[in-house]
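S.K.:
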Amino acid sequence: MNIVYVITGLSLGGAETITVCLANEMRRRGHHVAILYLTGENWFKDRIDRDIIVQSLGLSKNPFSLLKAQLKAKQFLKVFSPQVVHGNMVHANIFVRLLRLHCHIPLLISTEHNKNIEGRLRMKIYQYTDFLSDINTNVSREATTYFIQQKAFGRNKSMTVYNGIDLVRFGRNEDKRLKIRTQYSVSNNEFLFLNVARLTPAKDHVNLLLAFKETCSICPDIKLLIVGDGELKKELEEKVKELKLINNVIFAGPHIHIEDYYSAADCFVLSSAWEGFGLVLAEAMAANLPVLTTDAGGCAEVVDDYEYVVPTHDPFLLADKMKKIVIMSPEEREQLGNTNKDKAKRFDINSIVKEWEDLYLGYLQ
């Protein structure tokens, strides 16, 4: 098959990671694959298979750039002749639906990666353009149900397909643990919480910092490593100063080789106000880590253990769970991590790719 993945951008995030991973795996299965992204910088240059065509459509806020991007995409599809065009994220999904008005696309799939797409207008546009999409998917059962209830997705052509991860890539590695801890001056006997997330309102890092401050009351030497970047960076750095956590919290910035950081941690914690799937939870579980999360989006579906899921916006309940993990014996944490590693097998990228491949072929036949 000739498959084109269209995505809003290729910055570091869960939706972008899974799209690139899916494209790579489809190429390894012998399909001809291309990735078109609407705007921004490509952070995945070193992770995309060299046989995959990658092209920016150069979309900007200039109203004429939409027309220009549509024409550029139309010309590309005319040459590449795909059987499948698979959109990912709201802007890209709307873009490819409009593209179908003047392009031949045998199968068009719209995949959303979140429940919250920030605005009623976007939901309405999804609703009014639904007739242009053959199949709609979301990454959690909760999100799929919500989109159907909001009439953004047609019930009879919507389904849930979980995100997938490379279980081998995220396996625990003691050499990587030592490397990262040395890099950030964290000794091997210091307890290290890890958070991997964009520094945006959706991820609610203030919730995390308040919970971490409370957790420090029982163990003042613990550390929190935050990997990611975003518009709230300065605000969060100020919050760390306000909470007198400068010696405990480390902002590492964005990193493409995120697997190294999971190996360095003792527990992974996600404090999001809203989420789609919570890909980082599955990655952390594959790395044998205990995980804590808020009940945002599909996070509870991923963790599959409400003992370690707390309501959103409640730093005190989150702190209670963080304290529980800190005072566990190493053997208890190891057992919890091993259980999580087994659960992570549900998201093996090979199984998820097979599910997508069967979906493509089943529709086209």
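Going by the working numbering, the sequence shown opens with residue 336, and the numbers climb by one from there. Heads up, the beta-carbon is just placed ideally off N, CA and C, and yes, glycines get one too. Computed from a prediction, not measured in an experiment: that's the story for all the values here.
1) Please report the distance separating the alpha-carbon of residue 479 from that of residue 660.
2) Just to confirm my understanding: we take residue 486, look at its own chain, exclude 5 residues before and 5 after, and list those with CB closer than 7 Å. What are they?
3) Quick check on the DSSP output: the beta strand (DSSP E) that includes residue 590 runs from which residue to which?
4) Between the Cα of residue 700 and the Cα atoms of 419, 339, 405, which residue gives the shortest distance?
5) Closer than 8 Å by C-beta to residue 382: which residues in its own chain qualify, once you throw out the five before and the five after it? Chain order, please.
6) Check each candidate in 569, 507, 336 and name the one with the smallest Cα separation from residue 704.
7) For residue 447, collect the residues of the same chain with a Cβ closer than 6 Å to its Cβ; drop the 5 residues on either side in sequence, then sort them by chain order.
8) Whole angstroms are fine: how far does the CA of residue 503 sit from the CA of residue 676?
9) What's the gap between the Cα of residue 607 and the Cα of residue 598?
10) Per DSSP, residue 629 is paired with what?
11) Hey, does residue 481 have any beta-carbon neighbour from chain D nearer than 9 Å?
12) So, is residue 417 buried or exposed, given that buried needs 16 or more other C-beta atoms within 10 angstroms?
13) Looking at the unbroken beta strand (DSSP E) that takes in residue 528, where does it start and where does it end?
14) Who are the near neighbours of residue 668 in its chain, counting only those whose CB is closer than 6 Å to its CB and skipping five residues on each side?
15) Using three-state DSSP, classify residue 367 as helix, strand or coil.
16) Give the DSSP-derived three-state secondary structure of residue 488 in the structure shown.
17) Mapping the DSSP letters down to three states, classify residue 474 as helix, strand or coil.
18) With residue 343 and residue 458 assumed to form a contact (beta carbons below 8 Å), what rounded beta-carbon distance in angstroms separates them?
19) Take residue 405 and list the residues in its own chain whose beta-carbon comes closer than 8 Å to its own, dropping the five residues that flank it on each side.
M.R.: Here's the rundown:
1) For the purposes of this step, residue 479 is identified with residue 144 of the sequence shown, where counting begins at 1. For the purposes of this step, residue 660 is identified with residue 325 of the sequence shown, where counting begins at 1. Going from the Cα of residue 479 to the Cα of residue 660 covers about 32 Å.
2) Mapped onto the sequence shown, residue 486 falls at position 151. Counting only Cβ-Cβ distances below 7 Å, and skipping sequence neighbours, we find 462.
3) Here residue 590 refers to the residue found at position 255 of the sequence shown. It is not in any beta strand (DSSP E) - residue 590 carries neither H nor E in the DSSP assignment.
4) Along the sequence shown, one-based indexing puts residue 700 at 365. With distances taken between Cα atoms, residue 700 lies closest to 419.
5) Residue numbering aside, residue 382 sits at position 47 when the sequence shown is read from its first letter. Only 355, 359, 591 meet the Cβ criterion.
6) Missing from the structure shown is residue 704; the chain here goes from 336 to 700 and no further.
7) On the sequence shown, position 112 is the one that residue 447 refers to. For residue 447, where only same-chain residues beyond five positions count, the Cβ hits under 6 Å are 473.
8) On the sequence shown, residue 676 is found 341 positions in, with the first residue counted as 1. On the sequence shown, residue 503 is found 168 positions in, with the first residue counted as 1. Taking C-alpha positions only, residue 676 is separated from residue 503 by approximately 11 Å.
9) Position 272 of the sequence shown, counted from the first residue, corresponds to residue 607. Position 263 of the sequence shown, counted from the first residue, corresponds to residue 598. Inter-residue distance for residue 607 and residue 598 is about 22 Å (C-alpha atoms, whole angstroms).
10) Taking the sequence shown and counting its residues from 1, one reaches residue 629 at position 294. Residue pairing by DSSP puts residue 629 in a beta bridge opposite 645.
11) This model lacks chain D altogether; it includes just one protein chain.
12) Residue numbering aside, residue 417 sits at position 82 when the sequence shown is read from its first letter. By the Cβ neighbour-count rule, residue 417 is buried, with 16 or more other Cβ atoms within 10 Å of its own.
13) Taking the first residue of the sequence shown as 1, we reach residue 528 at position 193. Annotation for residue 528: the continuous beta strand (DSSP E) segment containing it runs 527-531.
14) By 1-based counting over the sequence shown, the position of residue 668 is 333. Within the same chain, 625 come within 6 Å of residue 668 by CB-CB distance, once the 5 residues on both sides are set aside.
15) Mapped onto the sequence shown, residue 367 falls at position 32. DSSP places residue 367 in strand when its eight states are reduced to three.
16) The count along the sequence shown starts at 1 and reaches residue 488 at position 153. It is coil, neither helix nor strand.
17) If you number the sequence shown from 1, residue 474 lands on position 139. The answer is coil: DSSP assigns residue 474 none of H, G, I, E or B.
18) One-based indexing of the sequence shown puts residue 343 at position 8. One-based indexing of the sequence shown puts residue 458 at position 123. Actually they do not touch by this definition, with Cβ atoms about 17 Å apart.
19) Mapped onto the sequence shown, residue 405 falls at position 70. If we look at residue 405 and ignore the five residues flanking it on each side, its Cβ neighbours are 430, 433, 434, 437.
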